[in-house]
Each structure stands twice: as structure tokens, then as C-alpha cells.
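J.: Quick one: structure below, then a few questions.
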Amino acid sequence: MTARPLASVSVDLDNLWAYLKTHGDPGWQRYPSFLSSAVPRLLEILGEHCLTTTVFAVGADVVREDGAKAVNEISAAGHEIGNHSFGHEPWLHRYSRARLEDELSRTEEAICTAGAPLPAGFRGPGFSVTRELVEVLAERGYAYDASTLPTWIGPLARAYHNRTAPPRTGDDGRDELFGGFSRVLAPVHAYRWRTADGSALVELPVTTMPLFRTPIHGSYLLQLHEISPRLARGYFKTALRLCRVRGVSPSLLLHPTDVLGGIEAPGMEFFPGMAAPGSRKTAWLGWVLAALREHFDVVGTGEYVRRTDPRRERAVTRLDGGR
2 MTARPLASVS VDLDNLWAYL KTHGDPGWQR YPSFLSSAVP RLLEILGEHC
52 LTTTVFAVGA DVVREDGAKA VNEISAAGHE IGNHSFGHEP WLHRYSRARL
102 EDELSRTEEA ICTAGAPLPA GFRGPGFSVT RELVEVLAER GYAYDASTLP
152 TWIGPLARAY HNRTAPPRTG DDGRDELFGG FSRVLAPVHA YRWRTADGSA
202 LVELPVTTMP LFRTPIHGSY LLQLHEISPR LARGYFKTAL RLCRVRGVSP
252 SLLLHPTDVL GGIEAPGMEF FPGMAAPGSR KTAWLGWVLA ALREHFDVVG
302 TGEYVRRTDP RRERAVTRLD GGR
């Protein structure tokens, strides 16, 4: 019997305050949370589909009671916990090496204190990655990074975000959100960064549709579903078909907002898809996961990296200082 190709699923456990912070809403400083609603729902749907995934946790949440409880429950259910930075700022590319190390170490400590193993994987908020970040991850013994999104729509997403955000105060980083058009040239397959000291770190991109390089993560699929369920189903089926034809192992990214309605996330009216009730979103996500499992063996990102022969991943020898 021929083994089925692998796919991976991960969840960025971005909390309500993190969305408000990036959007520029001062209410984020009260650290409002929707984890108590989102985490049980996510665990339930992943359990229904017999999936063990990777959940990238934010350190500023994990040091709090609800975040620590969430990480403990997620880890106890068998899911991998990854590092999603401490402060969830999508401009890590501005950080010094010392500040990057602080972001990583504080989150590592919080995750371990909450009862989960030391993380082996990292994803930068806003898909922010730099030479220094990769080097620091390699030095700290990380097995992989999952911060790249090889698409050309970053500037369009940035324009939408800035149009709906409150008036800016100084240089708030908005003009650098989500990268530029150059990301269309980034590999869509897993590959390895090669650092100056000869270390190698696996990069597992968030998959975009092969050839067209348009997103297929949960939030984007949900937007299409709100326009037309038939369009969304056809789009995702086409993406999976192209992945099989092109030999791409899809890495599907999810967020808590993929299962929450606007009532459960007050203040997020600016975010696409929040007008839909959580029950409808959850049902749609169930269809997405079932379609993925129909053609692939689905694991978490860390398990994917462990089960993939690293010698088969293409090495990228050039690590520039930009995003």
C-alpha cells in the first residue's frame, strides 16, 4: 500500500488583545481575552477529526492564568506547543538580537512553566522573519521556523488593514506589515536556511496555492465562504489538487477567529468574517479539515519536520537582512 503524502495543520493562538494591538486600538492594554471560548472549541473540532496539531502560543498570554490553562490543556491533549513570540508584534524585523532573544526566552519559560515541553518551532507574528531571527533560533536549538507566507498579496492586506485602523500616531510599523510583493518568489516547499556558522534550520512556509500564490489559510477561506460557499469549496479543492500535482505538502494555518463569532470577540468588527456566527464558522472549518484529510495524512508542523528527511529539503544559502 502506497503511503499517503503528508500535510500539516497549525494554530496561531492570537488572542483578542493581540488583534486590537496590531489594529491600533488602545483597549488592548486591558488584555481582553477570548481564549476561554476559543480553546475548547478548537480542541473539540480537532478531536472530532482525530488531528494532532501544533499551536503557536504568545508568551504574554501564557504568563496569565487563562493562557497557562489553555497551553496546559492543549499540551495534555497531545498537541505540540510552539513559540509565537512574547508580545505578538508583527515587526520583529525591527528588533535587535538582544530583544529577539528576550522574546524567545520569556515565552519558552512561560510555556514550560505551564506544563508543556520546551518549544522546537517558532512562528513570527505577521510572518516577520529576518537573518538575525533565523540565527538566534538556530543558536537556541530550534528545529524549525514557520514564519514565511509566499504570496504577493501582502501590500493589499496592509492597505485593507490601514484603511480600517484608527488614525496613526507616529511611526507605528503599519507600513511594514505583511511584507511586500517580493514574497511571491519565496519557496512554497519546505527548505533549510543556512546560517553563517554552518547551522541549518528548516523553514516550513504557510502554504499558498501553487502557481497562483494566493492564500489558503483558514481566515482567507472563511472570507471566500462568506461570499459564496460554492466558491470557497471549489477554491480549496483546486488548491489541494494543485498541491498533489506539484508535490507540495500543504501546511494549513488556523486562528481562533476561525471558530468565533463577533459576540465572542467584541471590538473586532474590523476583522473580515466576524459577522458570521461561530457555529457556521466551525461547521465550515470541519469541512476544510475533512477535505484535507481525504487526500493527506495530517500532522502538526513539528511532526511534519521530524518525519521529513531533512536531506531532501532544499538549502537556501542566501540569508539577507531583510524580510
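Sequence positions in the sequence shown follow my numbering and run 2 to 324.
All C-beta atoms, glycine included, are put in the ideal place defined by N, C-alpha and C.
Name the DSSP bridge partner or partners of Val299?
T.: Note: Val299 sits in a beta bridge opposite Ala8.
J.: Where does Asn16 fall in DSSP's three states?
T.: Coil.
J.: Three-state secondary structure (DSSP) at Ser280?
T.: Of the three classes helix, strand and coil, the one that applies to Ser280 here is helix, per DSSP.
J.: In terms of DSSP beta bridges, what is Ser129 paired with?
T.: Its beta-bridge partners do not exist; DSSP assigns none.
J.: Taking the straight line between their C-alpha atoms, what separation do you get for Lys282 and Ala197?
T.: For Lys282 and Ala197, the distance between alpha carbons rounds to 45 Å.
J.: Please specify which runs of the beta strand (DSSP E), each continuous and at least 3 residues long, are wholly inside the region 252-276, giving them in chain order.
T.: Counting whole runs of 3 or more residues, the region 252-276 contains the beta strand (DSSP E) stretches 252-255.
J.: Using CA coordinates, which residue listed in Lys238, Phe272 and His256 is at the minimum distance from Pro211?
T.: Closest by alpha carbon: Lys238.
J.: Under 8 Å: do the region 84-94 and the region 39-55 share three or more Cβ pairs, one atom per stretch?
T.: As far as the Cβ criterion goes, the region 84-94 does not touch the region 39-55, which means the pair count is below three.
J.: Short check: CB of Ala147 to CB of Leu205, under 9 Å?
T.: Yes, Cβ-Cβ distance for Ala147 and Leu205 is below 9 Å.
J.: Do you know whose CA, among Leu119, Leu232, Glu110 and Pro188, lies nearest Arg247's CA?
T.: Per the Cα distances, Pro188.
J.: Strictly by DSSP, which residues pair up with Thr54?
T.: Partner(s): none; Thr54 has no beta bridge.
J.: Can you tell me whether Glu66 is buried or exposed, with buried defined as 16 or more other CB within 10 angstroms of its CB?
T.: Burial call: exposed.
J.: From the DSSP output, read off the bridge partner residues of Arg231.
T.: Answer by DSSP bridge pairing: none, since Arg231 is not bridged.
J.: CA-CA distance, Trp18 and Ser34?
T.: For Trp18 and Ser34, the distance between alpha carbons rounds to 6 Å.
J.: Determine the direct distance from the alpha carbon of Glu104 to that of Tyr96, and round the result to whole angstroms.
T.: Looking at the two C-alpha atoms, the distance is approximately 10 Å.
J.: What are the complete alpha helix (DSSP H) segments, minimum 4 residues, inside the region 43-122?
T.: Those alpha helix (DSSP H) runs which fall completely within the region 43-122 and span 4+ residues are 60-63, 66-77 and 98-114.
J.: State yes or no: is the C-beta of Asp55 within less than 9 Å of the C-beta of His80?
T.: The question names Asp, yet the displayed sequence has Thr at residue 55. Their beta carbons are under 9 Å apart, which means Thr55 touches His80 by this criterion.
J.: Using alpha carbons as the reference points, say which of Pro120, Arg234 and Ala240 lies closest to Leu286.
T.: The candidate whose alpha carbon is nearest that of Leu286 is Arg234.
J.: Under 9 Å between the Cβ atoms of Leu202 and Ala284?
T.: The answer is no: Cβ separation not under 9 Å.
J.: Taking all protein chains shown into account, do 16 or more other C-beta atoms lie within 10 angstroms of the C-beta of Arg169, making it buried, or fewer, making it exposed?
T.: Because the pLDDT at Arg169 is just 47, under 50, the model does not fix this residue reliably, and the point stays unresolved.
J.: Buried or exposed for Arg5, please, with buried defined as at least 16 other CB atoms from any protein chain shown within 10 angstroms of its CB.
T.: By the neighbour-count rule (16 or more Cβ atoms within 10 Å), Arg5 is not buried but exposed.
J.: Is it buried or exposed for Arg308, if we count other Cβ within 10 angstroms and need 16 for buried?
T.: Exposed, by the Cβ-count rule.
J.: Taking just the CA atoms, how far does Asp259 sit from Ile217?
T.: So the two alpha carbons sit approximately 13 Å from each other.
J.: Do you know how far the Cα of Ala139 is from the Cα of Tyr192?
T.: Looking at the two C-alpha atoms, the distance is approximately 14 Å.
J.: Applying the 10 Å Cβ sphere with the 16-neighbour rule, what's the burial state of Leu186?
T.: Leu186 comes out exposed.
J.: On the three-state DSSP scale, how would you describe Arg307?
T.: Residue state, collapsed to three classes: helix.
J.: Got a sec? Which residues, its chain only, sit under 6 Å from Leu44 by beta carbon, not counting five neighbours each side?
T.: So the qualifying residues of the chain are Ala78.
J.: Taking the alpha-carbon of Asp62 as reference, which of Val289, Leu101 and Asp13 has the nearest alpha-carbon?
T.: Among Val289, Leu101 and Asp13, the Cα nearest to that of Asp62 is on Asp13.
J.: Could you check which residue in Ser11, Leu223 and Val135 has the C-alpha nearest to that of Ser200?
T.: Per the Cα distances, Val135.
J.: Note down the Cα distance separating Ile1 from Ser220, rounded to an integer number of angstroms.
T.: Outside the displayed span of the chain (2 to 324) sits residue 1, for which this structure offers no information.
J.: Tell me which residues share the same chain as Ala71 and place their Cβ nearer than 6 Å to its Cβ, disregarding the 5 neighbours each side in the sequence.
T.: Once the five neighbours on either side are set aside, the close Cβ partners of Ala71 are Leu36 and Val40.
J.: Spatial neighbours of Pro151 within its chain, please: CB distance less than 7 Å, with the 5 preceding and 5 following residues excluded, ordered by chain position.
T.: Answer for Pro151: Arg184, Val185, Ala187, Pro188, Val189, Pro206, Thr209 and Arg214, listed in chain order.
J.: Thr215 bridges to which residues according to DSSP?
T.: DSSP lists no partner for Thr215.
J.: Can you check whether the CB of Ser11 is closer than 9 Å to the CB of Gly274?
T.: Taking 9 Å as the Cβ cut-off, Gly274 and Ser11 do not qualify as a contacting pair.
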